[in-house]
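Under mature numbering (1 follows the signal peptide of the UniProt record, and there is no 0), residues -20 to -1, 1 to 338 are what the sequence shown spells out, in order.
Note that beta-carbon positions come from the ideal geometry of N, C-alpha and C, so glycine has one too.
If you're wondering where the values come from, they're calculated on a predicted model, not measured in any experiment.
Encoded as structure tokens, the structure appears first; notes follow it.
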Amino acid sequence: MKRFTTLLIAICLSIMAVQAQGKKSVFHTLPVHGKYFDTPEQFHRVDTARYRNMPKNVKNLYTNSAGMFVTFRSNTTELYAKWCVTDRKVGLNLTAIANKGLDVYIKNEKGKWQYGGAKGTVKTCEETLVLENLDSEEKEFLVYLPLYDETKSLEIGIHEGASFQPLANPFKKNIVIYGSSIVHGASASRPGMAYPAILSRRTGFNFINFGISGNARMEKEVVHMLADADPDMFILDCVPNSSPEQVTDRTSYIVTYLREKHPNTPIVMIPSVVRELSYFNQSWKTRNQLQNENWKAEYNKLITNGITGLYYLDIDNLLGDDHEATTDGTHPSDLGFMRMVEVIEPFVLDVLKKHGIQ
């Protein structure tokens, strides 16, 4: 009897699966938001052929789709997605969702972006149901692309007969954030929890992710690329990857070059997070302290030399004092990113207000 019952349940589940797979859906491609430059490859953040003299690792990382998203309005009751990435393995300090997956937000009745669901993958190409059992009221959707992989293609699916309207970028102005893996998104649980993305949803400003994991070292070729953008603000969060000597040697160049090309654009300097491992690892303790001391010293020199519109976020620790806000002693968890945003958001908004940017 037990075998018969088990067999019957299995048959019913199989029938339900077939019915679900047989439900008709329609797939759409969409314009991509969350990047500054137009690029030959839709899902690249930077045209690496144009900036061919940048370091190899930098060029490779700017093919990652960190910070990009699509947005649309639909009354679909189900949301599907088809996307392809590379065959690179998932990072040890990342989830499959953050690394290669999609993250969906829906605008709620208060007009705020609210988490709706997410899907990860360890495959090169994935086709899956992302959300189901939604009501049939029209909603605005925002779907973040993978943080740490090159997106090759993306299609969004709705049930047949549902309305579908691509939407313009919901975030205003452009704020470029150049930085390390922390800007890039490690170790958020999903793409929407990278701190530039959180800032965009909370403020309504378009924070653009120029993070390059392990490689934000202020090389001149990278500085020149950044200067080709014309945003409303530059944020420099590149200290974690730069040695204390590089901080001393290169800070003046990146700031003065950006100021020369953009005389009136505010520039914000953010110190490195204090790595949790630096509380016990004496080598990291010394490095971390010197990085931030040199960064602050260079800021003071630049102010003394007459650089205007330059702002320093003067804080000892962006991650709090309970030592529970990282995944691996360096990279913030979702908790860590939220704590960072609580500090960075009011500071940045105050600077924007001073410059009449609303």
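Item                                                                                                                          : Value
Rounded separation between G286 and L238 - CA only                                                                            : 14 angstroms
Rounded distance between the beta-carbons of L127 and N186, thought under 8 angstroms                                         : In fact, because the Cβ distance is near 17 angstroms, the residues do not count as touching under 8 angstroms.
Residue(s) in a DSSP beta bridge with N189                                                                                    : I157
Proximal residues to L270 (C-beta, below 7 angstroms), its chain only, five neighbours per side dropped                       : P224
Nearest candidate by alpha-carbon position, reference I162, set T75, I178, D217 and I324                                      : D217
Sequence-distant residues of its chain with Cβ nearer than 7 angstroms to I283 (five each side left out)                      : L290
Closer than 8 angstroms: N73 CB and nearest the ligand ADP heavy atom                                                         : Absent from the structure shown: the ligand ADP. Ligands present: none.
Neighbourhood of N268 by C-beta distance below 8 angstroms, restricted to the same chain and skipping five residues each side : S252, V254, R255 and S258
Three-state class that DSSP yields for Y16 in the structure shown                                                             : coil
Per-residue DSSP class, three states only, for R25                                                                            : coil
Residue interval of the beta strand (DSSP E) (run including L127)                                                             : Careful: L127 lies outside any beta strand (DSSP E) and carries neither H nor E.
Coarse secondary structure for S180, derived from DSSP in three states                                                        : helix
Per-residue DSSP class, three states only, for K103                                                                           : coil
Meets three-Cβ-pair contact criterion under 8 angstroms: the stretch 24 to 44 and the stretch 193 to 205                      : yes
S252 in three-state terms, based on DSSP                                                                                      : coil
Straight-line Cα distance separating G96 from Y42                                                                             : 27 angstroms
Exposed unless 16 or more other CB atoms sit within 10 angstroms - verdict on H335                                            : exposed
Within 9 angstroms, strictly: CB atoms of S263 and H139                                                                       : no
Reduced DSSP secondary structure (H/G/I, E/B, other) of T75                                                                   : coil
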